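**Q** Counting from 667, one number per residue, gives the positions in the sequence shown under our numbering. All C-beta atoms, glycine included, are put in the ideal place defined by N, C-alpha and C. Just so you know, these numbers come straight off a predicted model, no measurement behind them.
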Amino acid sequence: MSKENPGVIRRLFRGLWNALNFTRRLVFNLVFLVVLVAVLVAVFGNRVALAPRTALVLDPKGAIVEQYSSAPTDRALAAATGSDVKEVQLRDILRVIDAAAKDARIERIVLLPDDIDGAGLSTLREIGAALDRFKAAGKEVVALSGGMDQSQYYLAAHANRILLDPEGAVLLEGFASYRSYFKEALDKLGVQMHLIKVGTFKSAAEPFVQNEASDASKEADRYWMGGIWQEYLDEVAALRKIDAAKIAGDIAHYDELVAAHQGDLAQLALDQKLVDQVATRSEARALLRAQGAPDGDTFRQVDFKRYLGLLGPENLPGVGVSQVAVVVAQGEIVGGERPPGMIGGTSTAQLVRAAREDDKVKAIVLRVNSPGGDAVASELIRREIAQAREAGKPVLVSMGDVAASGGYWIAMDGDEIWAQPTTITGSIGIFGLFATIPDTLSKIGVHVDGVATTPLAGAFDIRRPLSPQLESILNSVIRRGYNEFIGKVAKARGKTPEQIDAIAQGRVWSGSQAQERGLVDKLGGLDDAIAAAAARAKLGGNYQVRYVERELGTFERLALSFGNSSAVARLVRWSGLTLPPGVVGQGELRQFAGIVESLRNKRFGAFAHCFCELR
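#1: Measuring alpha carbon to alpha carbon, tell me which residue in Trp683, Tyr734 and Ala766 is nearest Leu724.
#2: With Gly1177 as the anchor, note down where its alpha helix (DSSP H) starts and where it stops.
#3: Quick one, are the C-beta atoms of Ser1178 and Pro1104 less than 7 Å apart?
#4: State the CB to CB distance for the pair Asp783 and Gly728, rounded to an integer number of angstroms; the pair is presumed to be in contact (CB under 8 Å).
#5: If you drop the 5 nearest sequence neighbours on each side, which residues of the same chain put their C-beta closer than 7 Å to that of Leu934?
#6: Out of Leu810, His860, Val1114 and Ser1093, point me to the one whose CA is closest to Ser948's CA.
#7: What span of residues does the alpha helix (DSSP H) with Arg774 cover, start to end?
#8: Over what stretch of residues does the alpha helix (DSSP H) that includes Leu787 continue unbroken?
#9: How far does the beta strand (DSSP E) with Met859 in it reach, from first residue to last?
#10: Measure the C-alpha to C-alpha separation of Arg1145 and Ala842 and round it to an integer number of angstroms.
#11: In whole angstroms, what is the alpha-carbon distance linking Gly1172 and Trp1075?
#12: What residue from Thr1014, Arg761, Asp1167 and Leu686 has the CA that sits closest to Val1211's CA?
#13: Looking only at its own chain, which residues have a Cβ that is under 6 Å from the Cβ of Ala1197, when we skip the five neighbours before and after it?
#14: Which ranges does the beta strand (DSSP E) cover as unbroken runs of at least 3 residues, wholly within the stretch 946–1006, from first to last along the chain?
#15: Does DSSP put Phe874 in a helix, a strand or coil?
#16: Could you tell me if the beta carbon of Glu922 falls within a distance shorter than 6 Å of some heavy atom in the ligand SAM?
#17: Please state the DSSP three-state secondary structure of Arg1145.
#18: Under a three-way DSSP split, which group does Arg827 fall into?
#19: In chain order, what residues of the same chain lie with their CB nearer than 6 Å to the CB of Trp890, ignoring the 5 residues before and after it?
#20: Excluding five sequence neighbours on each side, which residues of the same chain lie with their C-beta closer than 6 Å to the C-beta of Asp887?
#21: Please report the straight-line C-alpha distance between Leu977 and Glu901, rounded to a whole angstrom.
#22: Are Leu829 and Ala950 close, meaning C-beta to C-beta below 7 Å?
#23: Helix or strand or just coil, what does DSSP make of Leu1243?
#24: Which residue wins for smallest C-alpha separation from Ile894, given the options Leu931, His860, Lys863 and Gly786?
#25: Expressed to the nearest angstrom, what Euclidean distance is found between the alpha-carbon atoms of Phe874 and Ile1169?
#26: Rounded to whole angstroms, what's the CA-CA distance from Gln733 to Arg1033? Just pull it up for me.
#27: Under 7 Å between the Cβ atoms of Thr1014 and Ala995?
#28: Give the single residue among Ala851, Gln943, Ser1133 and Lys752 whose Cα lies nearest to the Cα of Pro832.
#29: Using only alpha-carbon positions, find the residue among Asp1193, Ile862, Met1008 and Arg1216 that is nearest to Ile1139.
#30: If I follow the unbroken alpha helix (DSSP H) through Ile1196, where does it start and stop?
#31: From Val993, Leu1136 and Leu837, pick the residue whose C-alpha is nearest to that of Arg919; which is it?
#32: To which residues of the same chain is Arg799 closer than 8 Å at the C-beta, ignoring the five residues directly before and after it?
#33: With 16 as the cutoff for other CB atoms within 10 Å, does Leu648 come out buried or exposed?
#34: Using the Cα positions of Ala956 and Lys939, report the straight-line distance between them to the nearest angstrom.
#35: Taking DSSP as the reference, what is the three-state secondary structure of Tyr844?
#36: Residue range of the beta strand (DSSP E) that Met1065 falls in?
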């Protein structure tokens, strides 16, 4: 009996091993089969011809950005599982609209603006201009909405017709800038915040040292916001052929108008001529079916992502074709290497350098959408811009929604600076913020004492009060930083430091106001800046536009190629695989982490940051 037991045990483990090995090979082969099918579908699945009289459904979801902040693999996984990455690239929207304008198969655009939840006015203005080009080609834009805020409506106003759901509304309210102020709370905690700034209007750090906005901050905000609001009113009024003063008056008396319409906001919007028709989604579908090409119980259509896929790859290198390189500078400016969606002093400077060193690149456009950040990182990028110009390559700057403070720092050395009238810019100023917590510690019975070999040793210890010597040093550093800032702007803009100081002081301007003061050269969008760069480089009409970005790896390109295939998405959804919440769309968290890291790694730093945004 004892001699038989080892044989039985051996056979048992051998059987278990064989079963495990078979299962491993089966799972591996199934995964390989799924990947193979996905690749084949990605290669051949999108080759579908569009029928004539097709409507392009333009339905951007989430934030409209210059550059994705999510990783390619995250986007591929989200697309394959039917989840949404809440980001759409502005360049993709513009490419689709302009291609559709030339596509004889596309009859109209059906615009669905309701899911846009993050786009500045200058971004929307670029899209609106593309819609106007589409209409100029003799085609129609129809907007369908269940209800719009003023940003979404700003885009919808470019449509030939706007159809609003009977339960919907168009809510125009104007712009506001309200912030939380923490001084009283910090006082109760015993935290002492030491603000060192240059610039009467440099209000970015006011919430840490005051309980309310300063008079200077309110004065500046009223001025630039008032300018952008008037741009908004004038443009909407021109598009809808109504009086701008009437729109403003209706907002001021909106409560009375709502009461007079017994709370029917859709009918009110119709009576205000903000929309053309009140219709349910099924009624709108029937109307489009009757006026277009029927497709079952709906109209013949292709969605935005599908049509983008049909356009094929972009920026394929042309043999001997000169290039205008676009370098995107989007997000907070921090030191070091940063992922897309943020500006790293090292990584963004490297992109500019790569464009400068590429012989095919004859001109560079820096696309800025940034409120600023670290002053040292900003200077690294500015130096690369200056070197590109010294190398004989024109560098033009195209400002997006915001290019203020550090965002202006990296822009100032361009041969030309282009902005939209609604761009937020300026804020030329510097501040430093330093916290000490001796009173906080004393509240819980903790006291700090000791000795040092010099008066400066231990001065940066936040447990100790700020010494007069260190405060004097920090003041000198910040003052020098401001003088350097206005001096560089003066040199770049052909003015004296005194002239720049008069319009700097941390004050924010709209794009139109900045042009009037010589901080911006011309008003226009990204396409205008690209065309101007090509003209400066004497390229004529024979050039290619190429975005200079971090190169994707082989796996990332493969993942994107089959992740964006609709057939693959159906296959993965059929398998029951879903994407857990929070896996994608972490751009804001990465931005926040980058800023915290920038502060953590420095005892003290000068920051050129503008906390200026429209709400």
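**A** With the given structure in hand:
#1: The candidate whose alpha carbon is nearest that of Leu724 is Ala766.
#2: Unbroken alpha helix (DSSP H) run through Gly1177: Gly1177 to Glu1182.
#3: Against a cut-off of 7 Å, the Cβ pair of Pro1104 and Ser1178 comes out as no contact.
#4: About 6 Å separates the two Cβ atoms, so the contact holds.
#5: Hits under 7 Å: Leu923, Val924 and His927.
#6: Ranked by Cα distance from Ser948, the options Leu810, His860, Val1114 and Ser1093 are led by Leu810.
#7: Run containing Arg774: none in the alpha helix (DSSP H); it sits in the beta strand (DSSP E), Ile772 to Leu777.
#8: Looking at the DSSP string, the run of the alpha helix (DSSP H) that includes Leu787 is Leu787 to Ala802.
#9: Segment Gln858 to Val864, the beta strand (DSSP E) holding Met859.
#10: Going from the Cα of Arg1145 to the Cα of Ala842 covers about 31 Å.
#11: Gly1172 and Trp1075 have their C-alpha atoms roughly 12 Å apart.
#12: If we check each option's Cα against that of Val1211, Arg761 comes out closest.
#13: Beyond the five residues adjoining it in sequence on each side, Ala1197 comes within less than 6 Å, by CB distance, of no other residue in the same chain.
#14: Taking only runs of at least 3 residues, the beta strand (DSSP E) segments lying wholly in the stretch 946–1006 are 967–969 and 988–996.
#15: The answer is helix: DSSP assigns Phe874 an H, G or I state.
#16: Although the ligand SAM was asked about, the structure shown includes no ligands whatsoever.
#17: Arg1145: helix per DSSP, three-state reduction.
#18: Strand, per DSSP.
#19: Short of 6 Å from the beta carbon of Trp890, and not among the five residues preceding or following it, lie these beta carbons of its own chain, in chain order: Val1174, Trp1175 and Ser1176.
#20: Excluding residues within five positions, the ones whose Cβ falls inside 6 Å are Ser843.
#21: CA-CA distance, Leu977 to Glu901, rounds to 32 Å.
#22: Closer than 7 Å, so yes.
#23: Note that Leu1243 scores a pLDDT of 35, beneath 50, so its modelled location is shaky and nothing firm can be said.
#24: Of the candidates Leu931, His860, Lys863 and Gly786, Gly786 places its Cα closest to the Cα of Ile894.
#25: About 25 Å.
#26: Approximately 10 Å, taken between the alpha carbons.
#27: In contact: Thr1014 and Ala995 (Cβ atoms closer than 7 Å).
#28: Checking every option, the nearest Cα to that of Pro832 belongs to Gln943.
#29: Residue Ile862 is the option with its Cα nearest to Ile1139.
#30: Residue range Leu1192 to Arg1202 is occupied by the alpha helix (DSSP H) that includes Ile1196.
#31: Correcting the residue type first, residue 919 is His in the shown sequence and not Arg. Ranking the options by Cα distance to His919, first place goes to Leu837.
#32: The beta carbon of Arg799 is closer than 8 Å to those of Ile763, Asp764 and Ala767 in its chain, skipping five residues each way along the sequence.
#33: Nothing about residue 648 can be reported from this structure: the residues present for the chain run from 667 to 1281 only.
#34: Computed Cα separation, rounded: 24 Å.
#35: Under the three-state reduction of DSSP output, Tyr844 falls in the coil class, being neither helix nor strand.
#36: The continuous beta strand (DSSP E) containing Met1065 extends over residues Val1061 to Ala1070.
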